[in-house]
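**Student:** One line per chain: the protein sequences are A and B, in this order.
Numbering of the first sequence is given in this note's numbering, commencing with residue 1 and proceeding in unit increments.
Numbering of the second sequence is given in this note's numbering, commencing with residue 1001 and proceeding in unit increments.
C-beta atoms are modelled at their ideal positions from N, C-alpha and C, and glycine is treated no differently.
Mind having a look at this structure? Questions to follow.
Protein chains: 2
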Amino acid sequence: MSKRPSRDQAKIAYQFVRSAILTGRYLPGKRLIESTIATESGVSRTPVREALRWLERDGVVSIEKNKGASVNQLTAQRVSDIYEFRARMEGFAAYLAAERSTPDDHERIRAACEAFTDAIGSESSDRIRLISETNREVHREIATASKNAFLASALNATTDNPLVVRTYHTFSTVELQRSVSFHDLIVEAIVSAQCARAERLMIEHVLQARDSVIREFN
Amino acid sequence: MSKRPSRDQAKIAYQFVRSAILTGRYLPGKRLIESTIATESGVSRTPVREALRWLERDGVVSIEKNKGASVNQLTAQRVSDIYEFRARMEGFAAYLAAERSTPDDHERIRAACEAFTDAIGSESSDRIRLISETNREVHREIATASKNAFLASALNATTDNPLVVRTYHTFSTVELQRSVSFHDLIVEAIVSAQCARAERLMIEHVLQARDSVIREFN
DNA sequence: ACAATGCTCATTGTATACAATTCTTCGGCC
DNA sequence: GGCCGAAGAATTGTATACAATGAGCATTGT
């Protein structure tokens, strides 16, 4: 079942703008004109508008009523803000997962962690993409195991935040190994229902990622 | 300057649906047909679609691709989920505010707290509305003082969450007095830069609200 | 010369028309 | 009688046309 034709215009527009910002083609401060993006990405304005709202939620662009969207300045401060926020959210999810998860959840989380470890060892051409995907899966399983549907959906909504995905380009092998360690420790804490430890470990895990990204800025 | 003509169609649609859900005219599980809402609220489908996305973010409706939106079952569990989430967010904001706020911030927060206290004593016909507004202002000032723009915007996005607003209908005088106490304690902790205390107090403050609402359910 | 005012135009917000998808129902077949 | 499938209806997703808003510029009066 190929999803090549990708009949989802809003997603096309989203990825188009996202990619343009990440590669530096759209620079910070640039105003994003809906009609221009529509033409460039080959869809109409309607899905473009929706895509811009998504990017606003990601913290990547700002939208002012009747004035349109513009690319946010990605200062170290701003990136740090977003990661701090995520760290707390994910930490809370880990806390709840430790408190409420079932053996079934444990199985799924463990499997996701293994897939991540495998991805790191992979020599495939889309290794980075693979790492990113499997990592997402780990965090998503933990969010689901938190049994707080609202929290899980809020987290999933930001999992393909451009800022988060970008990080894997900058991660060194040693940092990836560290991620594996943290995943292991977090799983252990969750399985043994040690809520506070799971939370602390997850917060630190995310803050590690923040530091890596911030370092790139300087 | 009257805003009676209220040129914002999306907001009209949002408040229309929101009100319909709160008053029980739209019951949980009810499917929300865009064209129907458009006709009933007197705007076109385009702003209705946007309004539904806002309500999804609030946790009030669920949207499935190509299937549309439906009103969420507001089980005690689900309401609790949302409040737990908010409690952590607001707690983090208070933590950061205690760490980073300036004397100017302190002034604004204090003023907002006083306005809230006044609102409680008010005999005005829209007393509930006034209480709700001033309370929002307190929390918004604290969010701003956190100096984390992303966090502040995420919180503000959910401040007129129907679930949150609803609570003030159910609050008794004693509970409102308790809110005043908590506000005072939180401000004190923030001003004296006691981060952990500010966070704990804020979490408890929001969880109090949760308990009040949950109690209504039974 | 400069500030204020109104005009023009680019762009966003909204409405509506059209396409694609899902749901429903009805008829045929087993 | 019940299950499967196809046709049609209902509804969402997308495109486009139109209205309203805000920005920039020129013009005018002082």
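How close, in whole Å, do the beta carbons of GLN1073 (chain B) and PRO1028 (chain B) come, if the pair is a contact with beta carbons under 8 Å?
**Tutor:** Here residue 1073 (chain B) refers to the residue found at position 73 of the second sequence. Here residue 1028 (chain B) refers to the residue found at position 28 of the second sequence. At roughly 4 Å, the Cβ-Cβ gap stays under 8 Å, so GLN1073 (chain B) and PRO1028 (chain B) are in contact.
**Student:** At least one CB of chain B closer than 8 Å to the CB of ARG88 (chain A): is that the case?
**Tutor:** Walking along the first sequence from the start, residue 88 (chain A) turns up at place 88. It does: the Cβ of ARG88 (chain A) has a partner Cβ on chain B nearer than 8 Å.
**Student:** Hey, is the region 77 to 87 of chain A in contact with the region 184 to 198 of chain A, meaning 3+ C-beta pairs nearer than 8 Å?
**Tutor:** At 8 Å Cβ cutoff, the stretches do not touch.
**Student:** Is it true that the CB of VAL1071 (chain B) sits closer than 8 Å to the CB of ILE1021 (chain B)?
**Tutor:** In the second sequence, counting from the first residue as 1, residue 1021 (chain B) sits at position 21. In the second sequence, counting from the first residue as 1, residue 1071 (chain B) sits at position 71. Yes, the pair counts as a contact, with Cβ atoms nearer than the cut-off.
**Student:** Do ARG1136 (chain B) and THR1159 (chain B) have their C-beta atoms closer together than 8 Å?
**Tutor:** Locating residue 1136 (chain B) in the second sequence gives position 136, counting from the first residue. Locating residue 1159 (chain B) in the second sequence gives position 159, counting from the first residue. Their beta carbons are under 8 Å apart, which means ARG1136 (chain B) touches THR1159 (chain B) by this criterion.
**Student:** Just to confirm my understanding: we take VAL61 (chain A), look at its own chain, exclude 5 residues before and 5 after, and list those with CB closer than 7 Å. What are they?
**Tutor:** Locating residue 61 (chain A) in the first sequence gives position 61, where the first residue counts as 1. The answer, listed in chain order, is LEU32, LEU52, LEU55, ALA69, SER70, VAL71 and ASN72.
**Student:** Determine the extent of the beta strand (DSSP E) in which VAL1071 (chain B) is found, giving its start and end residues.
**Tutor:** For the purposes of this step, residue 1071 (chain B) is identified with residue 71 of the second sequence, where counting begins at 1. Unbroken beta strand (DSSP E) run through VAL1071 (chain B): 1068 to 1071.
**Student:** Report buried or exposed for VAL1180 (chain B), applying the criterion of at least 16 other Cβ atoms within 10 angstroms of its Cβ.
**Tutor:** Reading the second sequence from its first residue, position 180 is the one you call residue 1180 (chain B). By the 10 Å Cβ count, VAL1180 (chain B) comes out exposed.
**Student:** From VAL17 (chain A) to ARG1215 (chain B), what does the alpha carbon distance come to, in whole angstroms?
**Tutor:** Counting from 1 along the first sequence, the entry for residue 17 (chain A) is found at position 17. Counting from 1 along the second sequence, the entry for residue 1215 (chain B) is found at position 215. Distance between the alpha carbons of VAL17 (chain A) and ARG1215 (chain B) is about 46 Å.
**Student:** By how many angstroms is the C-alpha of THR134 (chain A) removed from the C-alpha of ARG161 (chain A)?
**Tutor:** If you number the first sequence from 1, residue 161 (chain A) lands on position 161. If you number the first sequence from 1, residue 134 (chain A) lands on position 134. One point to set straight first is that residue 161 (chain A) is Asn, not Arg, in the sequence displayed. Between ASN161 (chain A) and THR134 (chain A), the C-alpha separation is close to 15 Å.
**Student:** Inspect the beta-carbon positions of SER1041 (chain B) and ILE1012 (chain B) and report whether they are closer than 8 Å.
**Tutor:** Along the second sequence, read from residue 1 onward, the residue named residue 1041 (chain B) stands at position 41. Along the second sequence, read from residue 1 onward, the residue named residue 1012 (chain B) stands at position 12. Cβ atoms of SER1041 (chain B) and ILE1012 (chain B): closer than 8 Å.
**Student:** To the nearest angstrom, how far is the alpha carbon of GLU99 (chain A) from that of SER146 (chain A)?
**Tutor:** Counting from one through the first sequence, the residue named residue 99 (chain A) turns up at place 99. Counting from one through the first sequence, the residue named residue 146 (chain A) turns up at place 146. Spanning the two alpha carbons is a distance of roughly 8 Å.
**Student:** Please state whether the Cβ-Cβ distance between VAL138 (chain A) and ALA154 (chain A) is less than 8 Å.
**Tutor:** As a first step, residue 138 (chain A) must be located in the first sequence, where it is residue number 138. As a first step, residue 154 (chain A) must be located in the first sequence, where it is residue number 154. Not closer than 8 Å, so no.
**Student:** Looking at the structure shown, is ILE1012 (chain B) part of a helix, part of a strand, or coil, going by DSSP?
**Tutor:** Along the second sequence, one-based indexing puts residue 1012 (chain B) at 12. Helix at ILE1012 (chain B).
**Student:** Provide the residue(s) that pair with VAL219 (chain A) in DSSP beta bridges, ordered along the chain.
**Tutor:** In this structure chain A extends from 1 to 218, so residue 219 (chain A) is not present and cannot be described.
**Student:** Near ARG1178 (chain B), what residues of its chain come up, given a Cβ to Cβ distance below 7 Å and the 5 sequence neighbours on each side ignored?
**Tutor:** Taking the second sequence and counting its residues from 1, one reaches residue 1178 (chain B) at position 178. Once the five neighbours on either side are set aside, the close Cβ partners of ARG1178 (chain B) are GLN1208.
**Student:** Distance, Cα to Cα, THR1170 (chain B) vs ILE1120 (chain B)?
**Tutor:** For this step, residue 1170 (chain B) is matched to residue 170 along the second sequence. For this step, residue 1120 (chain B) is matched to residue 120 along the second sequence. Going from the Cα of THR1170 (chain B) to the Cα of ILE1120 (chain B) covers about 14 Å.
**Student:** Within this structure, are the beta carbons of ARG93 (chain A) and LEU130 (chain A) separated by less than 8 Å?
**Tutor:** In the first sequence, counting from the first residue as 1, residue 93 (chain A) sits at position 93. In the first sequence, counting from the first residue as 1, residue 130 (chain A) sits at position 130. It should be noted that the sequence gives Ala, not Arg, for residue 93 (chain A). No, they are not a contact pair.
**Student:** Does any residue of chain A have a CB that is nearer than 8 Å to the CB of GLU1064 (chain B)?
**Tutor:** Here residue 1064 (chain B) refers to the residue found at position 64 of the second sequence. No - not a single Cβ of chain A is within 8 Å of the one on GLU1064 (chain B).
**Student:** Is ASP1160 (chain B) close to chain A, meaning its C-beta is less than 8 Å from at least one C-beta of that chain?
**Tutor:** Taking the second sequence and counting its residues from 1, one reaches residue 1160 (chain B) at position 160. Judged by the 8 Å Cβ criterion, ASP1160 (chain B) is not in contact with chain A.
**Student:** Can you give me the C-alpha to C-alpha distance between GLU114 (chain A) and ALA10 (chain A), rounded to a whole angstrom?
**Tutor:** Here residue 114 (chain A) is taken as the residue at index 114 of the first sequence, counted from 1. Here residue 10 (chain A) is taken as the residue at index 10 of the first sequence, counted from 1. One C-alpha to the other measures close to 33 Å.
**Student:** Would you mind reading off the limits of the alpha helix (DSSP H) that contains ILE142 (chain A)?
**Tutor:** The sequence position of residue 142 (chain A) within the first sequence is 142, counting from 1. ILE142 (chain A) -> alpha helix (DSSP H) spans 127 to 145.
**Student:** Could you tell me the distance, in whole angstroms, from the CA atom of LEU163 (chain A) to the CA atom of SER1124 (chain B)?
**Tutor:** Here residue 163 (chain A) corresponds to residue number 163 of the first sequence, with the count starting at 1. Here residue 1124 (chain B) corresponds to residue number 124 of the second sequence, with the count starting at 1. Going from the Cα of LEU163 (chain A) to the Cα of SER1124 (chain B) covers about 48 Å.
**Student:** Which partner residues of ALA32 (chain A) appear in the DSSP bridge assignment?
**Tutor:** Counted from its first residue, the first sequence places residue 32 (chain A) at position 32. Reading the sequence as shown, one finds Leu at residue 32 (chain A) and not Ala. DSSP lists A:ALA69 as partners of LEU32 (chain A).
**Student:** For SER1101 (chain B), count the other beta carbons within 10 Å of its own beta carbon; 16 or more makes it buried, fewer makes it exposed. Which is it?
**Tutor:** Indexing the second sequence from 1 puts residue 1101 (chain B) at position 101. The residue is buried, with at least 16 neighbouring Cβ atoms inside 10 Å.
**Student:** Going by beta carbon distance, what residues of the same chain come within less than 6 Å of SER1217 (chain B), once the five residues before and after it are set aside?
**Tutor:** Working through the second sequence from its first residue, we reach residue 1217 (chain B) at position 217. A small fix is needed here, since residue 1217 (chain B) is Phe in this sequence, not Ser. Counting only Cβ-Cβ distances below 6 Å, and skipping sequence neighbours, we find ALA1076.
**Student:** Can you list, in chain order, the residues of its chain whose CB lies under 6 Å from that of PRO47 (chain A), leaving out five sequence neighbours each side?
**Tutor:** The sequence position of residue 47 (chain A) within the first sequence is 47, counting from 1. Once the five neighbours on either side are set aside, the close Cβ partners of PRO47 (chain A) are GLN9, ALA10 and ALA13.
**Student:** Are the CB atoms of ALA149 (chain A) and ARG57 (chain A) nearer to each other than 8 Å?
**Tutor:** Within the first sequence, numbered from 1, the residue matching residue 149 (chain A) stands at position 149. Within the first sequence, numbered from 1, the residue matching residue 57 (chain A) stands at position 57. Against a cut-off of 8 Å, the Cβ pair of ARG57 (chain A) and ALA149 (chain A) comes out as no contact.
**Student:** If you draw a straight line from the C-alpha of LYS1030 (chain B) to the C-alpha of ILE1037 (chain B), how long is it?
**Tutor:** Here residue 1030 (chain B) corresponds to residue number 30 of the second sequence, with the count starting at 1. Here residue 1037 (chain B) corresponds to residue number 37 of the second sequence, with the count starting at 1. Approximately 12 Å, taken between the alpha carbons.
**Student:** Taking C-alpha atoms, which residue in A:SER19, A:LEU176 and A:LEU201 lies nearest to ARG127 (chain A)?
**Tutor:** Start at 1 with the first residue of the first sequence, and residue 127 (chain A) comes out as number 127. The shortest Cα separation from ARG127 (chain A) among A:SER19, A:LEU176 and A:LEU201 belongs to A:LEU176.
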